[in-house]
Every structure is written in C-alpha cells, then in structure tokens.
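Numbering (UniProt numbering), first residue to last: 1 to 431.
Cβ atoms here follow ideal geometry from the backbone N, Cα and C, with glycine treated the same way.
All values derive from a computational prediction rather than experimental measurement.
Note sheet for the following structure.
Shown next as structure tokens:
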C-alpha cells in the first residue's frame, strides 16, 4: 500500500483545529472610503473634467461643498487645466463653430457651442465681440435698424449651460468726446470667468492725444466712467491703432502702427507704453502668463517666436522681453503634406497670428494664401489644418481676414444652487 503522507494538505478549508475557516481581514467599505474627507477630495481630483465635477456635486450637499471649495478648485485646475473645445471662425453674420477632437467624456459637451451658429448667428447681422471662459459676448442689429443706422443690442450667451437664455445687456453709453478724429469701442468679458464685470472701453483720438473712457457693468448699470489721457506720436495720421486686445491681468493693450504697444490699466485708468521685442513689428498677439507676466507670440515668415515679459520693474522696455521659444511652421507643415498636397508653404507667404491661448499654449494662424487656419500646439510641436474658407460663389476668391475666437471650457464650473425646491433633474441642466 502507498505510504501515508506525513503532512497531508488541508483541502477542506477548515481550521486544522476544527474551528472552521480562518477569519478574513474585513475589506474597507465604500462608505468608509468616501467618508474620509481628505481621501474623497483626492478621488475627485481624478475626475479630470469640470463637467464631471459638477455631476459629482449633484449627489449630495456634502459632495457639492467639497467640489466647490475654492482651495480644492485651485488644486483641480492645476491638475486639470480647462480644455480647448473648439473655435469660432468667420466674419460678422457668418460664424461657424469648429469642434476639436475630444475624449468621449466631452464629446456631447463640445457640440453645445455650435448652438449660437444655428440660432443667433444665422440671422445674418450678428457680431462675435468677445469669447472667454465658455461665454460669448455678441452684438445684433436687425435689418430695419441697419437701414436706419440704429445701435447694436449686446447679448451674453453661455452655450455650455443647457437651458440658459441669452442675457440682454443695458445699452452701451456712447463716448462723450464729439470731436474725435478716430473712435474705437470694444467690450470685454471678465478675466476671472464671473458673470458680472463686463468692461466697455472707448478710445478717442483728438489731435495728438488719446482719450480713454472705461465703464464697468454692475448691478446698477454701466456706472460712472473712469478716464485717462495720453499724448502719443502717430506718424501715420489717424491710423494710430490696429487692434484693441482683450484684458491681460487687468490691462488692455493696443496694437499700434509704430514700434510700441499702448497699454491701459483698467483699475487705475492710466496709460503706459510697452516697447516691442527687438525685430517684432507686425503679426503678434499677447497672452497672460503666470503671476503678472505677459507672453508675446509673433510670426515672421514661417518662424514663430515666443517672448516672455515679467512686467516687473523696468519691464516696459524692450530689454524686459526674453525669447523663450522659436518654432518653424514650415517644418510642422511637412508632417501632413502627404495628406494635403495643396498646402505647401512658399517664400513670400504671410501668416497672421489670429489667436493665442493662455500661457502661449497654442496659436491659431491665418494662412491667407490658401484661405486656411492652422492650429499650432507649441509644447507638442503639432501643426494641424483645422479650417478652410469657403470661396465666393462666383470665382475661387477667398474672403480675406478670418476672425478666430477659441472656445475654452467654462472655469470656474457653475455648480447647482442649494435650494430646497431643486430636484436632481432640474439641477442637471447646469452640467
């Protein structure tokens, strides 16, 4: 007979002492994990997108308080910066929203910005004034008002907030100077993403002086304007200003036809001048940098240059600029030349910087020779053709300068209000 095993294996699952199976270590319950505030906040950081953070806030009051805490939101933004969903391209009355590829969590959300193009913009007299933090500032004048020289009505739209109707703004106050040789007027959305705080700037050229009138829209209307005046050189007659750029760190910048930028501090209502980097004269835009810094992105031929100015001390001079990056668009275009043989950069072609993202993360370039828009992600060195103009109905002639407005995810997120009358279905409209 076979010898007996000296130590036979225990296949019964029972304790060798006859007391049953050994007790298993208790697994941590979901409640104990989610009940730990520190651990719960770490889990929320991994949601990745603000719209998912808002959905999580619908679960309970406690989840909402954690998700909307300002300290937590700063950490969430550092880990998950707002994404570029797409951009508006076109001209007054002829805008089109062009979505960019998104992860599946954002596909449905990225379709919402197209709604103004199907509605308000389709009426043919709409202007896209400013786009920032998921909101749009538009102007509309009916055909009847156009014929009679009537003024524009301004609207605030938030396409990402389902069910939110456009807000009609109070009529903009006209400039007070009647003898101005040139007038420039622009409205801007607030930098912090708040609903209130829209700024109206009138720039007026009277002889050799530039006057500014600054209004801030509050609960009581436009209020009393702040004023500023500066005497400037304008060798090209009254064409002293090419473009009025959106505020960066509370300052508005004016692209001039000479060698420096004219700045306007909105808080103190004072002008200042900012010299351009050496060699930069045209085709440039500004974007905000961390702290109080300023990026300048310029195009010369097919070379992009990125400059940084800390805006501290004597940073208003040309020496305050530091060249931090350069990139050849020609090299980037060769990566997709096989798929698009019609887009081959030639000497003499002109690229216009049409839009720049915060921290100079991305650039949109208007390539007028081919009537296309290029998207350049500077950190990854990716160049893509993302838009092409439709030619005139009669002849293959492109319309000209394209207006580009990048559309970012809304920040900070809009969370549901703590009202007893709201049920979950009603709150979900904010997502």
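*Taking the C-alpha atoms as reference points, what is the distance between residue 434 and residue 90?*
The question about residue 434 has no answer here: the residues shown for the chain are numbered 1 through 431.
*asked:* Taking contact to mean 3 or more Cβ pairs, one atom from each stretch, closer than 8 Å, check whether the segment 79-98 and the segment 39-51 are in contact.
replied: yes
*Should residue 178 be labelled buried (16 or more other beta-carbon atoms within 10 Å of its own) or exposed?*
Indexing the chain shown from 1 puts residue 178 at position 178. Label assigned to residue 178: exposed.
_For residue 76, report the span of its alpha helix (DSSP H) as first-last._
If you number the chain shown from 1, residue 76 lands on position 76. Per DSSP, residue 76 belongs to the alpha helix (DSSP H) from 70-79.
*So what's residue 139 in DSSP terms, helix, strand or just coil?*
Stepping through the chain shown from its first residue, residue 139 is reached at position 139. Three-state DSSP puts residue 139 in a strand.
*Tell me whether residue 393 sits in a helix, a strand or coil according to DSSP, three-state version.*
Counted from its first residue, the chain shown places residue 393 at position 393. With a pLDDT of 38 at residue 393, under the threshold of 50, the modelled position of that residue is not reliable, and the figure given next carries that caveat. DSSP places residue 393 in coil when its eight states are reduced to three.
*Measure from the alpha carbon of residue 323 to the alpha carbon of each residue in 176, 310 and 331, then state which is nearest.*
Along the chain shown, read from residue 1 onward, the residue named residue 323 stands at position 323. Of 176, 310 and 331, the residue nearest in Cα terms is 310.
*Can you give the Cα-Cα distance for residue 437 and residue 35, rounded to whole angstroms?*
Absent from the structure is residue 437, since the part of the chain shown begins at 1 and ends at 431.
*Presumed contact (8 Å Cβ cut-off) between residue 116 and residue 159, rounded CB distance*: As a working note, residue 116 is residue 116 in the chain shown. As a working note, residue 159 is residue 159 in the chain shown. 6 Å between Cβ atoms; contact.
_Residue burial classification, residue 283 (beta-carbon count within 10 angstroms, cutoff 16)_ = Working through the chain shown from its first residue, we reach residue 283 at position 283. Residue 283 should be labelled buried.
*How would you label residue 251, buried or exposed, when you count the other beta carbons within 10 angstroms and need 16 or more for buried?*
Here the question's residue 251 lines up with position 251 in the chain shown. So residue 251 ends up on the buried side.
_Endpoints, the alpha helix (DSSP H) within which residue 177 is located_ = Locating residue 177 in the chain shown gives position 177, where the first residue counts as 1. Element bounds for residue 177: n/a, residue is neither H nor E.
*What do you reckon, are the CB atoms on residue 376 and residue 363 nearer than 7 Å?*
In the chain shown, the residue the question calls residue 376 occupies position 376. In the chain shown, the residue the question calls residue 363 occupies position 363. Yes; because the gap between Cβ atoms is below 7 Å, this pair is in contact.
_Those residues which DSSP pairs with residue 326 across a bridge_ = Position 326 of the chain shown holds residue 326. For residue 326, which the question treats as bridged, DSSP gives the partners 305.
*Find the nearest neighbour of residue 101 within the set 207, 92, 85 and 171, judged by alpha-carbon distance.*
For the purposes of this step, residue 101 is taken as residue 101 along the chain shown, with counting starting at 1. Among 207, 92, 85 and 171, the Cα nearest to that of residue 101 is on 85.
*Compute the Euclidean distance between the alpha carbons of residue 409 and residue 133, then round it to the nearest angstrom.*
Translated into the one-based positions of the chain shown, residue 409 becomes position 409. Translated into the one-based positions of the chain shown, residue 133 becomes position 133. Taking the straight line joining both Cα atoms gives about 6 Å.
*For residue 330, which of 381, 321, 354 and 306 has the nearest alpha-carbon?*
What you label residue 330 is simply residue 330 of the chain shown in a count that begins at 1. When each option's Cα is compared against that of residue 330, the closest is 381.
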